[in-house]
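Trainee: Residue numbers (the numbering used here), protein chains in the order written: chain R, 1 to 232; chain Z, 1001 to 1232.
Beta carbons: idealized from backbone N, C-alpha and C, even for Gly.
Since this is a predicted model, take the numbers as computed values, not measurements.
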DNA sequence: CGGAGCCTTGAGATTTATCAAGGGTAGTGG
DNA sequence: CCACTACCCTTGATAAATCTCAAGGCTCCG
């Protein structure tokens, strides 16, 4: 993305910023979000909850992610979005985004890329929950987070921030916190990872990918989006 | 959708039709699909497979569904698409679809709706696999199929086609075929469903929805898409 | 100092998987 | 028309994975 495009985005995002406290909802199930959100800082998640309290985290939102993109602006959403850590988000009017997409191919491409990766990631989570074991699911989550953060320049070597609790990991992987704990300890014992407090270090990336059968294709880490990607 | 729009679609779909034998791949992981597909007749699925043979069905494709929409045409896909029953599909050049989207708002809206529902459904499958029990997952799958088919006018009363085998249901719900069998029998014994051969009858729709905690919002059955839905 | 949230551990229960075998049915070739 | 095969469904017995319940310890914060 050219500097000029970067600048026009940065200006845009400066406009209306909001801070969300940790563990607070940004958008709640059944509501109509009235603007597009960009996550500037902090971690969040999409989640869905059943009447009896069971909760499933559907996706992690990391710094740089966009949500409620144009497509979302109109129908009531069928899940909630909440902050995991304190978040700062930028709110942008949908028309502004539409205009940008129309006039700026680089930005259109970036938004398209974001959408595409979101869907692919959602599919990968489905696959993970359906066919991987507890141990594999946790390893997979750690791999995904690591690669996504690295793409955003948020890793130092093999170390990155990891503010999820073991309860969060359980809700993302469909496991009880107790079992998450035991599996994490196993990964630690095998010197695959170190994880204490809010920092995660992957000691053996290949080994962890192997455990998870992690195939990063779905993240499109090369960010390749052909110029003619956007229809219309 | 107005009759004129219907007609222009029908003409389009007549162009290049293809028949796929049951259990054959249409698009394989890692390949670049070169055209947009419309499923005219028969059932298919998206699936992902691990090296050791574990397989997960990611989504069901029912008559009327579109896949590899514009957005997909460019990056190698990270999963495969296969026919469950014999399928007839229409292949349309991506440029043709782009043109249609640009010139025909009704069609653009329909395609947008399809995309939106696909993503929402993928999220719902993630939630199902993560937090529902075996029994609930199967009930949920049956509910989803029933409502989707009914929307396409493919139900007679509470009866619809259901060509999946119990192995297929297992691959969609992350369960072994043996366990699927036991749970299905339970649903039968409770007079919630009848399912024999390729036909499914839902004897107690409310009861089945209750078991599944099925909330059909994600399917957007009303097909509401405000006229200004499409950005750009 | 007290409380809250998080991590850890143990024991036992439950759900689901695995293994193994038998029966029904539909299509196929002789 | 009859065997034969392949595929699917069904059942039983046992094993493994994961959950539930319960309790204790640590750390951070007020």
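(1) So, for residue 93/R: in the same chain, excluding its five sequence neighbours on each side, which residues have a beta-carbon less than 7 Å away from its beta-carbon?
(2) Examine chain R for any beta-carbon lying closer than 8 Å to the beta-carbon of residue 1130/Z, and answer yes or no.
(3) State the Cα-Cα distance for the pair residue 1125/Z and residue 1222/Z, rounded to the nearest angstrom.
(4) What does the alpha-carbon distance come out to for the pair residue 17/R and residue 83/R?
(5) Taking beta-carbon pairs under 8 Å, can you tell me which members of the segment 107 to 124 of chain R lie near chain Z?
(6) For residue 24/R, which of 101/R, 88/R, 151/R, 105/R has the nearest alpha-carbon?
(7) Taking beta-carbon pairs under 7 Å, can you tell me which members of the segment 1211 to 1222 of chain Z lie near chain R?
(8) Roughly how many angstroms lie between the CA atoms of residue 1063/Z and residue 105/R, to the nearest whole one?
(9) 8 Å is my cut-off, CB to CB: does residue 1078/Z come that close to chain R?
(10) From residue 1154/Z to residue 1160/Z, what distance separates their C-alpha atoms?
(11) Is any beta-carbon of chain R found at less than 8 Å from that of residue 1185/Z?
(12) Quick one: does residue 1174/Z have its CB under 8 Å from some CB of chain R?
(13) Please give the ranges of any alpha helix (DSSP H) in the segment 1150 to 1202 of chain Z, keeping only runs that are unbroken, at least 4 residues long and fully inside the region.
(14) On the CB-based measure, 16 or more other CB atoms within 10 Å of its CB, does residue 1033/Z come out buried or exposed?
(15) Pop quiz: residue 1180/Z and residue 1138/Z are said to be a contact at Cβ under 8 Å. What is the actual Cβ separation, rounded to whole angstroms?
(16) Helix, strand or coil for residue 229/R per DSSP?
(17) Would you say residue 1159/Z faces chain R, with C-beta separation under 8 Å as the test?
(18) Let me make sure I understand the geometry here. Which of 101/R, 132/R, 90/R has the alpha-carbon closest to that of residue 19/R?
(19) Over the uninterrupted beta strand (DSSP E) stretch that includes residue 1045/Z, give me the two end residues.
(20) So residue 56/R contacts chain Z; which residues on that side make the cut at Cβ distance below 8 Å?
(21) Identify whether residue 1096/Z lies in helix, strand or coil by the three-state DSSP scheme.
(22) Mind pulling the chain Z residues with CB within less than 9 Å of residue 191/R?
(23) Within 8 Å of any Cβ in chain Z, is that where the Cβ of residue 50/R sits?
(24) Of the choices 134/R, 133/R, 37/R, 42/R, whose alpha-carbon is the least far from that of residue 260/R?
(25) Between residue 1054/Z and residue 131/R, what straight-line distance do the alpha-carbon atoms span, to the nearest angstrom?
(26) Ends of the beta strand (DSSP E) at residue 1083/Z?
(27) Closest to residue 1197/Z by CA distance: which of 1108/Z, 1164/Z, 1079/Z, 1039/Z is it?
(28) Give a yes or no on whether the minimum CB-CB distance between residue 1075/Z and chain R is below 8 Å.
(29) Alpha carbon to alpha carbon, how far is residue 40/R from residue 15/R?
(30) Given that a residue counts as buried once 16 or more other Cβ atoms are within 10 Å of its Cβ, and exposed if not, what is residue 1173/Z?
(31) What does the alpha-carbon distance come out to for the pair residue 1044/Z and residue 22/R?
(32) Work out the CA separation of residue 1051/Z and residue 114/R for me, nearest whole Å.
(33) Return the first residue and the last residue of the beta strand (DSSP E) that residue 1110/Z is part of.
(34) Near residue 204/R, what residues of its chain come up, given a Cβ to Cβ distance below 7 Å and the 5 sequence neighbours on each side ignored?
Mentor: With the structure as the only source:
(1) 35
(2) yes
(3) 20 Å
(4) 15 Å
(5) 108, 112, 115, 116, 118, 119, 120, 122, 123, 124
(6) 88/R
(7) 1213, 1217, 1218, 1220
(8) 34 Å
(9) yes
(10) 7 Å
(11) no
(12) yes
(13) 1166 to 1173, 1177 to 1189
(14) buried
(15) 6 Å
(16) With a pLDDT of 37 at residue 229/R, under the threshold of 50, the predicted position of this residue should be treated as unreliable, though the coordinate-derived value follows. If DSSP states are grouped into helix, strand and coil, residue 229/R belongs with coil.
(17) no
(18) 90/R
(19) 1044 to 1049
(20) 1126, 1127, 1130, 1131
(21) helix
(22) Residues of chain Z passing the Cβ test: none, with the nearest at roughly 24 Å.
(23) yes
(24) This structure leaves residue 260/R out entirely; chain R is present only between 1 and 232.
(25) 7 Å
(26) 1080 to 1083
(27) 1164/Z
(28) yes
(29) 13 Å
(30) buried
(31) 42 Å
(32) 28 Å
(33) Careful: residue 1110/Z lies outside any beta strand (DSSP E), inside the alpha helix (DSSP H) at 1105 to 1131.
(34) 191, 192
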